[in-house]
Structure formats: structure tokens, C-alpha cells
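Take 4 as the starting number for the sequence shown in the working numbering and just add one per residue. Report on the structure given below.
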Amino acid sequence: MKRTTYYALAAAAFGAGAPKLVLAHCPLCTVGAVAIGLGAYQLGVSTLSVGIALGAASLALGMWMAKLVRVRYFRGQGLAIAFLVFVTTVVPVAPFLPGARGLYLAGIGQYGTTLVIPNVLIGAVVGGLLVLGSPHASRGLTRLRNGKHVPFQGVFVVLLLLAAGIALVEVIA
């Protein structure tokens, strides 16, 4: 057996024997999000609701990934990483789910301009805002309970806000 083949096999065996945690945001995550979104849409869930869930999940993933970078290169780095993960998850999904809303911008051009925004993007922004607002809601709940926490309060508040947002969208839209 050649020496290079031996080294390649040894490296592969060592890599398989001692797996390292890989922290990456891959296209497979986006494909999975598209599949789940299309499945939910086929079951009758509106694209706004799919967007809320997708936006919340992608922003939570982005905020988690931002904490993994230990070295801080610039101010606002965590927010930039979270936003980048959010955008790279949500934007590729938008063409696959139908439905859009028009946003008329008066004063731009001679007759105004209408931008077409996919419902998934609108829902994703709402879901991201719900995730960003959940720590404040959790603090408010703690204040109401005179400084006492409920076990897993942060998780419950996020899930309750998302469920309320999705239920509201499904009832109204």
C-alpha cells in the first residue's frame, strides 16, 4: 500500500473515530426550511404563518451562531451574524412559496411605485421581531410575578408569542 493512501485512510479513520462538532449554516438547512414550508402550505397553513415560523427559527439560529464566535472583530458583530443567517435562510425560501402583497410608495417616480413583497418575507420579519421581543416580554412577566421565574419561562414566552402571532394571522388572513 502506498504511503499517501495509508495516510489518507488513517486520517479518515481518525476523523470518523473522533468526530468534531461542525457549526455551519448550510444549504441543506435552507432546503429543509423550504420543504417544511411547502408541506405546511399544502396542509392549508398560510404563507404568512409559514414566514413567521421560518423567521423566528432562522433568527434564533442566527443569534445562537453569533454567540459561538468568541473573537469580536467589530461592534455589532453578533447582530450582523444573526442578520446574515436570517437573510440567507429566509430569502432563498421566498420564491418557492406563493403569495405577495403590494406596497405603494407615493412620491417615487412620476406616478409612484409599487413594490411587491412576498408574504413569506413579511411573516419572517414579524417572526424575527417576535423573537427579538421575547426577552422583554419575559422580563415583564418576571416583574409581574414579583421577581419569580417560571421554569423554562424564556422558552414558553417565545412559543406563546409565536403561537399567538400565527393564530392571529390565521384568523385574520
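From the three backbone atoms N, C-alpha and C, an ideal C-beta is built for every residue, glycine too.
**Message:** Strictly by DSSP, which residues pair up with T117?
**Reply:** DSSP, once it has assigned bridges, lists Y107 as partnering T117.
**Request:** Please name the residue, chosen from M68, P98 and V119, that lies closest to L41 on a Cα-to-Cα basis.
**Result:** The option with the nearest alpha carbon to L41 is P98.
**Request:** Enumerate in chain order the residues of its own chain whose CB-to-CB distance from G81 is below 6 angstroms, with the five nearest sequence positions on each side excluded.
**Result:** Excluding five sequence positions before and after G81, the CB atoms of its chain that fall closer than 6 angstroms to its own CB belong to A69, given in chain order.
**Prompt:** Quick one, are the C-beta atoms of G65 and F86 less than 8 angstroms apart?
**Reply:** Cβ atoms of G65 and F86: closer than 8 angstroms.
**Asked** Looking only at C-alpha atoms, which of G126, V72 and R78 sits nearest to V96?
**Response** Answer by Cα proximity: G126.
**Prompt:** For P138, which of V93, I169, V158 and G150 has the nearest alpha-carbon?
**Reply:** That would be V158, whose Cα lies nearest to the Cα of P138.
**Message:** If I follow the unbroken alpha helix (DSSP H) through L82, where does it start and stop?
**Reply:** Per DSSP, L82 belongs to the alpha helix (DSSP H) from Q80 to V93.
**Item:** Per-residue burial, A176 [other beta carbons within 10 Å of its own, 16 or more giving buried]
**Value:** Around the Cβ of A176, a 10 Å sphere holds fewer than 16 other Cβ atoms; the residue is exposed.
**Prompt:** Buried or exposed: where does P121 fall if 16 or more other Cβ atoms within 10 Å of its Cβ makes it buried?
**Reply:** By the Cβ neighbour-count rule, P121 is buried, with 16 or more other Cβ atoms within 10 Å of its own.
**Prompt:** How should A38 be labelled, buried or exposed, when 16 other C-beta atoms within 10 angstroms of its C-beta is the threshold for buried?
**Reply:** Exposed is the label assigned to A38, since fewer than 16 other Cβ atoms lie within 10 Å of its Cβ.
**Item:** Among Y76, A103 and V93, the one whose alpha carbon lies nearest that of V119
**Value:** V119 has its Cα closest to that of A103, out of Y76, A103 and V93.
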